[in-house]
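All residue numbers for the sequence shown refer to full-length UniProt numbering, where the first residue is 1 and numbers rise by one. Beta carbons: idealized from backbone N, C-alpha and C, even for Gly.
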Amino acid sequence: MGQIRHALEMRDVEALADLYAEDAILEEVSSLNPPAHPIVVHGREAILKQLRDEFLRDPVGGWHREVKSTDIIDEMETDEAVAFTEVRTYAAGDKVITQHLAHKRNGRIQHDRLVVARDSD
């Protein structure tokens, strides 16, 4: 959890992506990607690309945006899993809350399931 917290707070998507296994899966459900059609990303390199997009681009308009801060408000970690709630605030004032539930293998994230809520304005 310490490495995750540090990577998020420093907005270091490369360091965050490095915590995923080479063959990891990231699965995201949100109002833009409902349960019937989630985003499913396979592999560390594809996850890195997804993280960059998520941090730096508005998912609806596609315009560039800047992260002002990222906080973790809840967290739990075992040898097999990690769960945490991430609150990201952008320079424009909008917020994104993401609940992560991730399974680990050999100390790396193998499958990260995210539920994302975004400000609508």
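With a threshold of 16 other beta carbon atoms within 10 Å, L51 meets it and is buried.
By the Cβ rule, the segment 23-32 counts as touching the segment 105-121, because three or more pairs are nearer than 8 Å. In the DSSP assignment, E66 falls outside any alpha helix (DSSP H), carrying neither H nor E. Judged by DSSP secondary structure, D23 falls within the beta strand (DSSP E) whose first and last residues are Y20 to V29.
Annotated as proximal: R88 and V96, with beta-carbon spacing under 8 Å. The Cβ neighbour count for T98, taken over all protein chains shown within 10 Å, is at least 16; the residue is labelled buried. Residue environment: A92 is assigned as exposed (fewer than 16 neighbouring CB atoms within 10 Å of its CB, all protein chains considered).
Residue pairing by DSSP places R44 in no beta bridge whatsoever.
The residue from V41, V40, A102 and P34 with its alpha-carbon nearest to that of A117 is P34. According to DSSP, residue pairing for E75 in a beta bridge involves F84. DSSP places R113 within a strand segment (E or B) once states are collapsed to three. Per DSSP, reduced to three states, the secondary structure at H6 is helical. Here the C-alpha atom of A7 lies approximately 31 Å from the C-alpha atom of A36.
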